[in-house]
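Asks: Supplied in structure tokens, the structure appears directly below.
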Amino acid sequence: MRKLTLGALAVSIIVMLSGCASATTQTQETPVTQETQQSPEAAASDTGSEPKILRAAASFAYPSLDVHKEYYGWYTSIYGVSETLFHLNEYSEAVPKLAEEMTSEGETWTITLNEKAAFSNGTPLTADMVKRNLERAAKVNSRFAYLGNFEIAAVDEHTLTITTPEVYPTLKNDLASPELGIMDLDATTDFDHAPICTGPFVIDSFVPEGDVSVVKNTAYWNGDVQLDGATFYYMQEDEPKLLAMQSGEIDCYNSVSSAALEIYQSEPENYDVVSIPGARLQFYILNERTLGEEVRAAVNLTVDKEAIASYQAGTVSAANGPFAESTAYGQVSIPATDPEAAESLLAAAGYVKGEDGFYAKDGEKLTLSIAYYAARSLDTVALLMQEQLRSVGIDSELRVEEDPDATYIANGDADIALYCMIADKSGDPLYFINSTLAEGAILNCGGFEDSTCQEMIETLYYETDPQKRANLANSIVQIAVDDNAFGYVGLFNNITVLRKGVSGFAENVPYDFYGIDQNTRIDG
Amino acid sequence: MTLLALTFVVFGLMYLAPGDPAEKRLLSQGIAVTREMLTAERERLGLFRPFLTRFGEWLFAVLRGDLGVSFKDDLPVLPKLLAALQNTAILAGASLALSLLVAFPLSILCAYRKGRLSDHVIGLFSFLGNSLPSFLLSVLLMYFLCIRIDLFPVIATGDFSGLILPVLSLAIPMTGRFIRLFRAELLLQLSMEYVTGLRNRGLKERYIIRNILHNALGHLLVLIGLQIGSLFSGSVVIETIFRWPGIGKLVMDAITARDYPVIQGFVLLIGAIYLLINQLTDVVMKKLDPRIEVRYD
């Protein structure tokens, strides 16, 4: 019986492993042949110089390059392969890319395409192709399913109209989302491995959930491309990235850790480090159902964002509001940290400091519950906040949850709920405001309500003028700040390190979904 | 039966464990999850069906060679697991071979020179190798061999040179463990009367060593078998640092995403490998020492 079992097990494992050959080939490089693709060596021999190949580290890798699915479009955008109708610049403004202009009249937007725009196979971009791309994205990506409710029509070769059920002011920003990159749906035969797009680079080889190589699109519609190609190495850990930079095996990467940042900054002759406040926000929600106005105000006056940012060693910038101050909608004012004022507020509200050094009221000690999850340095923020609150006499208990959305966000049962999210997804404030400040919003778990604020949010749904939208957003956030409903702690910095002579790796843009483009260069 | 029981227990634990794969999947797509969306996704993934029905369906599919599709990306589980398992098998096999190659002679040396300088030096290095965390060891190896000596690239490609650093990172702690364990077993054998008898009869030392190894081999095989199992399931850190697309990393990602089909498939495969290794060890032990079979029978 033992021999029989052994035999059966051995045979089944051998049979399964014998399938490995075919399974493994699926993870091997997928070489891509496209007419306008040119090997880096050939490209270099044209100019008689060494091929300029950028080598970068990528922290994430995905099984597919289908621009419209999941978040894969972020990566085709980073690789310089796919482009969108509009592009977000360093001031978070949506500027034309494949589109030339976009105008609105009521519920109808009219988009004029750039007549020069063409795919890497030379096929010109048409309004009908854009229409079909948007329709496909609506079908395959649930985050863009709403596009299915829009009426999209190709008016002529280079003009299309999009009619929305209601006035939809953020459509231009939505069209800058990398998942709405445009592919040649007729010529692409393998969406997962070799999408044909309009970008300055085309896929050379692709390992699902592994490394990616691109080469120059010699027929790029928008002018010269500086690089001959690029390779993105999938490296999750910080230490190998640092060592690979030091050994000269990679030229740049972003999301630099604080330990590595210190090393790069100590060698300015070898590396350029660019750090700008990004779009990812650390913040906390103060529970208005369990905390009085004075306590909330005292918490906000006590939490020292500069100290918290400083502790996070350059990876975070202290936040005023939810958006970077470089944006038009990031202009709010907050009171300065003032622990003495916090204590005065508590005393005025009837709290008395006990012998243990902590405030209590009517014999009941003031103990706040701080809920967090162990990601995006929220554990560090929670600990520092606890220390800072303790220093003024407010006791607190930390509570860690694996899944905040299913626990303290859903239940609203924490006094202070820490959270981290991308506040500015596409150069517009509505997404964050609607997710955190609107009545019934998922992240409005602290019970913030304000009728004026709600009215302004409803106006923001339909306002199309960018300056008026920014003014509205500033007013809305200011109400929440004045009400001490939230505390905006820090904005993660987008930190990019580049070897001397390398530039144009989207180091000045506060979005994670840009990387190389036609202007990325290696000098020297 | 063992595999059936194992998969049933793991299926049950996943059923009872907190965390919702439907919610994880929706959140990973950046969607603000509504109750309706959650219900539809749970329905699609079949999470509402009774536990026994789900387990039964999974079991029948397995008998047809189908481990289902991943909750994370809708790709078939079996090719994913097999590709990753093959990569881990290469890594584990090479590490084991290197460890044995180094540990055998060194442990014999230590046993014969017990208490002398060479024993202490080897003991110290085996202790250090065994106690260094694999993450730290990997980074140290990278730093010295790639940066200071410039012997290997940090970014390994799929060729032989790419295998050396991860193999060293896995082999060094295992060699440390083997030396300590083998040394103890050899010392036990050396203290036995049959060794004194052999010496008194004037046998050359190399024949005595052969006898000792023959007698110790059974226990040594058990120790090696246990290490092989842990190699398959415990190399996640090495795989992540050295960008080795093995099974440890695949399963860690699956656990984070509550990707039940991948976890269940992993348990089945690793369980089968463990059983196979145990059975093989038993067979070899019986061949080496027929008394074991007599006792069993």
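Protein chains in written order, with the numbering used here: chain A, 39 to 562; chain B, 726 to 1022. Glycine is no exception: its CB is placed at the ideal position from the N, C-alpha and C atoms.
#1: Just to confirm the assignment: which complete beta strand (DSSP E) runs, minimum length 3, are found wholly within the stretch 503-562 of chain A?
#2: Give the secondary structure of A:Gln369 by DSSP, where H, G and I count as helix, E and B as strand, and everything else as coil.
#3: For A:Ser313, which of helix, strand or coil comes out of DSSP?
#4: Here's the rule: buried if 16 or more other CB atoms are within 10 angstroms of the residue's CB, otherwise exposed. What is B:Phe796?
#5: Could you tell me which residues DSSP pairs with A:Gln320 in its beta bridges?
#6: Between A:Asp466 and the rest of its own chain, which residues show a CB-CB distance below 6 Å, the 5 nearest in sequence each way excluded?
#7: Should the stretch 518-538 of chain A be called in touch with the stretch 337-348 of chain A, which here means at least 3 C-beta pairs below 8 Å?
#8: Between the Cα of A:Ala398 and the Cα atoms of A:Ile91, A:Gln369, A:Glu138 and A:Gly431, which residue gives the shortest distance?
#9: Could you tell me which whole alpha helix (DSSP H) segments of length 4 or greater appear in the stretch 195-244 of chain A?
#10: Would B:Val787 and B:Pro986 qualify as a contact pair, given that the criterion is a beta-carbon distance under 7 Å?
#11: With a cut-off of 8 Å on the beta carbons, I'd call A:Tyr258 and A:Gln556 a contact; round off their distance for me.
#12: Using a 10 Å radius around the Cβ and a threshold of 16 neighbouring Cβ atoms, would you call A:Gln505 buried or exposed?
#13: Looking only at its own chain, which residues have a Cβ that is under 7 Å from the Cβ of B:Leu870, when we skip the five neighbours before and after it?
#14: Using only CA atoms, which one of B:Gln1004, B:Ile904 and B:Ala814 lies nearest to B:Phe850?
#15: Return the Cβ separation of A:Arg174 and A:Leu223 in integer angstroms, given the expectation that the two are a contact with Cβ distance under 8 Å.
#16: So the candidates are A:Met273, A:Asn472 and A:Ala479; which of them puts its Cα closest to the Cα of A:Ala448?
#17: Specify, as a first and last residue, the run of the alpha helix (DSSP H) that B:Ser894 falls within.
#18: On the three-state DSSP scale, how would you describe A:Asn127?
#19: Could you name the residues that DSSP lists as bridge partners for A:Phe270?
#20: Below 8 Å, how does it come out for the stretch 303-319 of chain A and the stretch 506-518 of chain A: are there three or more Cβ pairs, yes or no?
#21: Name, please, each residue of chain B whose Cβ falls closer than 8 Å to the Cβ of A:Met101.
#22: For A:Ala409, report the span of its alpha helix (DSSP H) as first-last.
#23: Counting contacts by CB-CB distance shorter than 7 Å, is A:Ser304 in contact with chain B?
#24: Any Cβ of chain A within less than 7 Å of the Cβ of B:Val794?
#25: Whole alpha helix (DSSP H) runs in the stretch 730-805 of chain B with 4 or more residues, listed along the chain?
#26: Along chain A, in chain order, which residues have C-beta atoms closer than 9 Å to that of B:Asp745?
#27: Give me the DSSP bridge partner(s) of A:Ala356.
#28: What does A:Met273 touch in chain B if you count any residue whose Cβ is under 7 Å from its own?
#29: What are the boundary residues of the alpha helix (DSSP H) that includes A:Ile149?
#30: Hey, quick one: how far does the alpha helix (DSSP H) through B:Tyr919 stretch, first residue to last?
#31: How would you write the range of the beta strand (DSSP E) that A:Asn292 sits in, first residue to last?
#32: So, for B:Leu800: in the same chain, excluding its five sequence neighbours on each side, which residues have a beta-carbon less than 8 Å away from its beta-carbon?
#33: Could you list the residues in the stretch 275-294 of chain A with a C-beta less than 8 Å from some C-beta on chain B, going in chain order?
#34: At the 7 Å Cβ level, is B:Thr813 part of the contact set with chain A, yes or no?
#35: Taking the alpha-carbon positions, what's the A:Pro373 to A:Asp451 distance?
Replies: This is what the structure holds:
#1: 524-537
#2: Numbered from 1 along the first sequence, position 331 holds the residue referred to as residue 369 of chain A. Of the three classes helix, strand and coil, the one that applies to A:Gln369 here is coil, per DSSP.
#3: Indexing the first sequence from 1 puts residue 313 of chain A at position 275. Strand at A:Ser313.
#4: Residue numbering aside, residue 796 of chain B sits at position 71 when the second sequence is read from its first letter. Label assigned to B:Phe796: buried.
#5: Start at 1 with the first residue of the first sequence, and residue 320 of chain A comes out as number 282. DSSP lists A:Cys458 and A:Gly528 as partners of A:Gln320.
#6: By one-based count along the first sequence, residue 466 of chain A stands at place 428. Closer than 6 Å at Cβ, skipping near neighbours: Thr208 and Asn211.
#7: yes
#8: Indexing the first sequence from 1 puts residue 398 of chain A at position 360. Looking at the Cα atoms, A:Gly431 is the closest of the given residues.
#9: 209-212
#10: As a working mapping, residue 787 of chain B is identified with position 62 in the second sequence. As a working mapping, residue 986 of chain B is identified with position 261 in the second sequence. No, the Cβ-Cβ distance between B:Val787 and B:Pro986 is not below 7 Å.
#11: Here residue 258 of chain A refers to the residue found at position 220 when the first sequence is read from its first residue. Here residue 556 of chain A refers to the residue found at position 518 when the first sequence is read from its first residue. Indeed they touch by this definition, with Cβ atoms about 6 Å apart.
#12: To locate residue 505 of chain A, count along the first sequence from 1; it is residue 467. Looking at its Cβ environment, which holds fewer than 16 other Cβ atoms inside 10 Å, A:Gln505 is exposed.
#13: Indexing the second sequence from 1 puts residue 870 of chain B at position 145. So the qualifying residues of the chain are Leu876, Phe877 and Leu890.
#14: If you number the second sequence from 1, residue 850 of chain B lands on position 125. Residue B:Ile904 is the option with its Cα nearest to B:Phe850.
#15: For the purposes of this step, residue 174 of chain A is identified with residue 136 of the first sequence, where counting begins at 1. For the purposes of this step, residue 223 of chain A is identified with residue 185 of the first sequence, where counting begins at 1. With a Cβ gap of about 7 Å, A:Arg174 and A:Leu223 count as contacting.
#16: Here residue 448 of chain A refers to the residue found at position 410 when the first sequence is read from its first residue. If we check each option's Cα against that of A:Ala448, A:Ala479 comes out closest.
#17: For the purposes of this step, residue 894 of chain B is taken as the residue at position 169 of the second sequence. Where B:Ser894 is concerned, the enclosing alpha helix (DSSP H) stretches over Ser886 to Leu915.
#18: Here residue 127 of chain A refers to the residue found at position 89 when the first sequence is read from its first residue. Coil.
#19: In the first sequence, counting from the first residue as 1, residue 270 of chain A sits at position 232. The partner list for A:Phe270 (beta bridge, DSSP) reads A:Ala94 and A:Val250.
#20: no
#21: On the first sequence, position 63 is the one that residue 101 of chain A refers to. In the sequence under discussion, the amino acid at residue 101 of chain A is Pro, which differs from the Met named in the question. Within chain B, the residues near A:Pro101 are Asp798 and Leu800.
#22: Counted from its first residue, the first sequence places residue 409 of chain A at position 371. Here A:Ala409 belongs to no alpha helix (DSSP H); instead the beta strand (DSSP E) covers Thr405 to Tyr410.
#23: One-based indexing of the first sequence puts residue 304 of chain A at position 266. It does not: the Cβ of A:Ser304 has no partner Cβ on chain B nearer than 7 Å.
#24: The residue labelled residue 794 of chain B in the question sits at position 69 within the second sequence. For B:Val794, the answer is no, since every Cβ of chain A falls outside 7 Å of its Cβ.
#25: 746-753, 760-770 and 776-788
#26: On the second sequence, position 20 is the one that residue 745 of chain B refers to. Correct list: Asp441 and Ala444.
#27: Within the first sequence, numbered from 1, the residue matching residue 356 of chain A stands at position 318. Paired residue(s): A:Gly528.
#28: Locating residue 273 of chain A in the first sequence gives position 235, counting from the first residue. Those are Arg968, listed as they occur along chain B.
#29: Taking the first sequence and counting its residues from 1, one reaches residue 149 of chain A at position 111. Where A:Ile149 is concerned, there is no enclosing alpha helix (DSSP H), although the beta strand (DSSP E) it sits in stretches over Thr146 to Leu151.
#30: Taking the second sequence and counting its residues from 1, the one referred to as residue 919 of chain B is at position 194. Where B:Tyr919 is concerned, the enclosing alpha helix (DSSP H) stretches over Glu918 to Asn925.
#31: Taking the first sequence and counting its residues from 1, one reaches residue 292 of chain A at position 254. Per DSSP, A:Asn292 belongs to the beta strand (DSSP E) from Cys290 to Asn292.
#32: Residue mapping note: residue 800 of chain B aligns to position 75 of the second sequence, counting from 1. For B:Leu800, where only same-chain residues beyond five positions count, the Cβ hits under 8 Å are Val794.
#33: Glu275, Glu277, Pro278, Leu281, Ala282, Gln284, Ser285, Glu287 and Ile288
#34: For the purposes of this step, residue 813 of chain B is taken as residue 88 along the second sequence, with counting starting at 1. Chain A, which has no Cβ nearer than 7 Å to the Cβ of B:Thr813, makes this no.
#35: Taking the first sequence and counting its residues from 1, one reaches residue 373 of chain A at position 335. Taking the first sequence and counting its residues from 1, one reaches residue 451 of chain A at position 413. Those two C-alpha atoms are separated by around 27 Å.
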